[in-house]
Amino acid sequence: MSPSYSSYFGRPSYCAMALVLLLTLLCITVPAYLRNPVSVASCFTGADVRAAAAQPAASSALVADDGARRPGQLRILVGVHTMPKKHSRRHLIRMAYALQQTAALRGAARVDVRFALCARPMPAEHGAFVALERRAYGDVLLFNCTENAEDGKTYTYFADLPAMLGATGGEVEGRVPRPYDYVMKVDDDTYLRLGALVETLRRAPREDMYYGVGLPFMDRVSPPFMLGMGYVLSWDLVQWIAASDMVRRKARGVEDVTTGNWLNEGGKAKNRVNIFPRMYDYKSAQAKDFLEDTIGVHQLKEDIRWAHTLAHFNATSSDLRPSREGSS
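Numbers in the working numbering are just positions in the sequence shown, counted from 1, shifted up by 10.
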């Protein structure tokens, strides 16, 4: 005869799960609120977001203290631009990139994947989960902006990073220390193959560099702008954006075209690396629609497209047998 269990210890009880979640939130927020009520409230309401972004839980995790950089090792920040409500998408992306952090990749580069969110608007039901993610994973960055790509989010992302990373002063041998060599902005419906990204960036210039996909009918050598599915700036350009009054005045607009306009008007990004066609839009699940030397696949707006893409690149190659042999 099968043993019987109470719903709390056997079959899932949604009441019990809700109670556990509530207790978890209380355990996290009440002690933290007593220490710093403004910062905790900002996670839920979006108020005083700059104070929240400076919390140790977020800023200290941005660049971990892992000792001296290995000779020849690149440092790359990949900022995935997403929205507070997309909890499940962030979890999928975390897994997809965590499994690519092999020993070989870490030897060549440190690739830090972080999620860039605006704190306005921040409904309470999403703020609760964002607060949990920040404490559990340390990979969510909150910016003082409105969640709209054409309303200046990309500008705020690049402009706030030097201060967020503490890289706005403290010159060493006449130069401001670089927490990263390159900073990437990428959409949350783009899947990156980190090894291929690192391989191309290792050959790219470290200064005044703009990397991405230019439209095929534009100048192949020096595109006026890179498509918003994913592009990279060298660290000196990130610092220039943070300091430029011209860029601040022209922060709004179609984000990828606007970024190109800043660089063109400022006479910047003389080194442009066009990776067309190695980053492209998803077409179908057929093997012929994926390139062997792919760097990124865009337009993965549905989970089934992620499934097709991950399966093609063997990210889900393990079988799906039951964990317990012989169970029915």
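All C-beta atoms, glycine included, are put in the ideal place defined by N, C-alpha and C.
Asked	Found
Those residues which DSSP pairs with D197 across a bridge	H91
Three CB pairs or more closer than 8 Å across the segment 82-95 and the segment 151-162	yes
Opposing strand residues paired with L207 [DSSP bridges]	BP columns for L207 are empty, so no partner.
Pair within 7 Å by beta-carbon distance, I285 and I305	yes
Rounded Cβ spacing between A118 and R212 (contact assumed at less than 8 Å)	7 Å
Contacts around V231, its chain only, beta-carbon distance under 8 Å, and the 5 residues preceding and following it disregarded	R282 and N284
F125 classed as buried or exposed, judged by whether at least 16 other C-beta atoms fall within 10 angstroms	buried
Counterpart residues of H308 in DSSP-defined beta bridges	D291
P87 and Y201 closer than 7 Å at C-beta	According to the sequence provided, residue 87 is Leu. The question's Pro does not apply to it. No.
Own chain residues within Cβ distance below 6 Å of D198, not counting five before or after	V90, T92 and R99
Beta bridge counterpart(s) of M219 as assigned by DSSP	N281
Nearest-angstrom Cα separation, counted from K195 out to Q309	15 Å
Whole-angstrom distance between M228 and I103, CA atom to CA atom	31 Å
Opposing strand residues paired with L152 [DSSP bridges]	L127
Counted within 10 angstroms of its Cβ, other Cβ atoms place E265 as buried (16 or more) or exposed	buried
Buried versus exposed call for Q249 [16 or more other C-beta atoms within 10 Å across all chains shown]	buried
Whole-number beta carbon distance between M289 and G240, since they are thought to touch under 8 Å	6 Å
Straight-line gap, V242 to Y220 (C-alpha atoms, nearest Å)	6 Å
A51 versus H136 - alpha carbon distance	Note that A51 scores 32 on pLDDT, short of 50, meaning its location in the model is unreliable; the coordinates nonetheless yield the value given after this. Cα to Cα, A51 sits roughly 13 Å from H136.
Beta bridge counterpart(s) of A119 as assigned by DSSP	L84
E143 burial status per 10 Å Cβ neighbour count (16 or more: buried)	buried
Cβ distance (whole Å) where V140 is taken to contact F168 below 8 Å	At roughly 21 Å, the Cβ-Cβ gap does not stay under 8 Å, so V140 and F168 are not in contact.
Minimum C-alpha distance to D218 - residue among Y107, A138, T326 and G277	G277
7 Å CB neighbourhood of A326 in its chain, flanking five on each side removed	According to the sequence as given, residue 326 is Thr; it is not Ala. Excluding residues within five positions, the ones whose Cβ falls inside 7 Å are L320.
Local conformation of Y241 per DSSP, three classes	strand
For H322 and D255, the rounded distance between their alpha carbons	45 Å
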